[in-house]
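A short worksheet on the structure shown next.
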Amino acid sequence: MHGRYRKGRRIAPLLLSFLLLLSSCAPSYTRAEGYGMGTFLSVSAEREDTASALLPLVNALENEISHRVADSSVARLNLGETVLLSLRLKEALALSADVAEKTEGAFSPFSLPVTALWDFNGTPRVPDEAALAAALAQVKGASLTVSENGAASLIGKIDLGAVGKGMAADLLADALKERGESGLVSVGGSIAAVGSKGDDPWRVGVRDPLDTSKTVGTLSLLDAFVSTSGSYEKSFTEDGVSYHHIIDMRTGMPARQGLVSVTVVAESGVLSDILSTAIFAVGMEKGSALCEAYGAHLLAITEDGTLYASEGMRALFTAEKGTVLPL
Amino acid sequence: MKNVIFRRNDLLLLLAILVLSLLFALPFVMRREAGAAIVRYRGEVLDTVPLSVNEERIYTLPEGEVRVSFTENGVAVLSSSCPNRDCIRMGSVIREGSGIYCLPLAFSVTLTGEGIFDGITG
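Protein chains in written order, with this note's numbering: chain A, 201 to 527; chain B, 22 to 143.
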């Protein structure tokens, strides 16, 4: 009896104090914002110096992979030089080539001849038919050879516009992990959720493609990457016809698969970024199989606003209203 | 003899620890629930506006002026010297963890606080 009393007197205050202190010590996050890769960047990290220290990493990556940067690895490859690739770039190109094969060329990393004609980052216009045909021939005839030591040589021209933001998300996520911190990074809508937010998953909204001031639902993410491709992001109208920026590299024309938005959750940023573009080009049915092949999860929104989600995505996504149909 | 786990003084001690712990936790709880719109230019915070205000504010930048509306219905850019006007076309945002961005001006308005997304994809 006295033993129970002494034990209760010792344990209870300690237990109560521990529980209360534990509940009040959930991590808080500092957010730093910036611009890079032609888009908006943000890093939410536990430490203020981490959030601000990570942003410049994106600029360094851009200097390596942007074809617009004169002495980047990609620009030099495009000029016909033999270039020693970083591991990150080598892996991104290998994955791009794999997806290109699986989509029978609907997605291609060798897309610069076609994307340059459309010029969505400058003065977009519908390309001349003959010029487009010649550009497509260059895309289809392109090839990249990489030796064991990482030295690469290229026939064709690379444009990593559909890959770069995912690569940047990977880079920032790796940097957070190296620092032993959880956090959330966003590179123009390619997002990496590292760890958890305290005891909770990170909450990522999915933009409504039919009203971009709203969202269609919430993703709950733990150690995951998400990217979205949408026809609403960049488009122009010529002679009454609307043209968006997600080009089907089989035809050289904007993909017309009845989709307005494709969101992919995957194990890496580069995979989510590539798949969101590739699936937009091949459509839901083939896209669903593609996601399954890579262990990724798919949310697709059609032109009439209907949401379709894979089984794995339905476990992560909560719609704000209406039904989410299975893929 | 009765089975006594705690005596009166023990209960007073527990109560004191409970009160102290709650006082310690309170700043963290209040910080998590606070909501605001944070206005940034070139990464630097220009202004922090509580979501409860109903007013317009004008931000004078070297590139020109940006007029922003803060109301209970959301935050919206009403006018901007930026030639693209993408920020105006975005309309009003109220629930987003990332808000309105103008790339050419490097100007942004982001919403923070409990119940708001940590990020937006798309």
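A virtual CB, placed ideally from N, CA and C, is assigned to each residue, including glycine.
Regarding residue i and the ligand GDP, is the C-beta to nearest heavy atom distance less than 7 Å?
| i | result |
| --- | --- |
| residue 393 of chain A | The ligand GDP is not part of the structure shown, which contains no ligands of any sort. |
Going by DSSP in three states, residue i sits in which element: helix, strand or coil?
| i | result |
| --- | --- |
| residue 240 of chain A | strand |
| residue 282 of chain A | coil |
| residue 234 of chain A | strand |
| residue 518 of chain A | strand |
| residue 364 of chain A | helix |
| residue 449 of chain A | coil |
| residue 324 of chain A | coil |
| residue 460 of chain A | strand |
| residue 313 of chain A | helix |
| residue 358 of chain A | coil |
| residue 422 of chain A | coil |
| residue 304 of chain A | coil |
| residue 74 of chain B | coil |
Name the chain A residues that come within less than 7 Å of residue i, Cβ to Cβ?
| i | result |
| --- | --- |
| residue 127 of chain B | 235 |
| residue 122 of chain B | 240 |
Just to make sure I have the definition right: I need the residues of chain B whose C-beta is within less than 7 Å of the C-beta of residue i. Which are they?
| i | result |
| --- | --- |
| residue 391 of chain A | 140, 142 |
| residue 397 of chain A | 139 |
| residue 406 of chain A | 142, 143 |
| residue 384 of chain A | 139, 140 |
For residue i, which residues of its own chain have a beta-carbon under 7 Å away from its beta-carbon, when the five flanking residues on both sides are left out?
| i | result |
| --- | --- |
| residue 264 of chain A | 272, 273, 286, 289 |
| residue 519 of chain A | 416, 417, 507 |
| residue 420 of chain A | 401, 403, 516 |
| residue 381 of chain A | 245, 246, 247, 250 |
If you drop the 5 nearest sequence neighbours on each side, which residues of the same chain put their C-beta closer than 6 Å to that of residue i?
| i | result |
| --- | --- |
| residue 354 of chain A | 277, 344 |
| residue 442 of chain A | 435 |
| residue 239 of chain A | 388 |
| residue 90 of chain B | 77, 97, 99 |
| residue 445 of chain A | 320, 434 |
| residue 299 of chain A | 307, 474, 478 |
| residue 364 of chain A | 237, 265 |
Which residues in chain B have a C-beta closer than 9 Å to the C-beta of residue i? List them in chain order.
| i | result |
| --- | --- |
| residue 409 of chain A | 143 |
| residue 430 of chain A | 143 |
According to the neighbour-count rule (16 or more other Cβ atoms, all chains shown, within 10 Å of its Cβ), is residue i buried or exposed?
| i | result |
| --- | --- |
| residue 79 of chain B | exposed |
| residue 401 of chain A | buried |
| residue 52 of chain B | Bear in mind that a pLDDT of 44 at residue 52 of chain B, under 50, signals an unreliable position, so the number given afterwards is only what the model happens to contain. So residue 52 of chain B ends up on the exposed side. |
| residue 340 of chain A | exposed |
| residue 525 of chain A | exposed |
| residue 40 of chain B | exposed |
| residue 456 of chain A | exposed |
Thinking C-alpha only, which one of the options is nearest residue i?
| i | options | result |
| --- | --- | --- |
| residue 392 of chain A | A:318, A:453, A:404 | A:404 |
| residue 120 of chain B | B:82, B:83, B:58, B:101 | B:58 |
| residue 280 of chain A | A:315, A:357, A:323 | A:357 |
| residue 450 of chain A | A:335, A:399, A:295, A:458 | A:335 |
Run down chain B in chain order and give the residues with a C-beta less than 8 Å from the C-beta of residue i.
| i | result |
| --- | --- |
| residue 418 of chain A | 138 |
List the residues of chain A that residue i touches, going by C-beta distances under 9 Å, in chain order.
| i | result |
| --- | --- |
| residue 61 of chain B | 233 |
Apart from the five residues just before and just after residue i, which ones in its own chain have a Cβ nearer than 8 Å to its Cβ?
| i | result |
| --- | --- |
| residue 394 of chain A | 373, 376, 377, 381, 382, 383, 384, 385, 423 |
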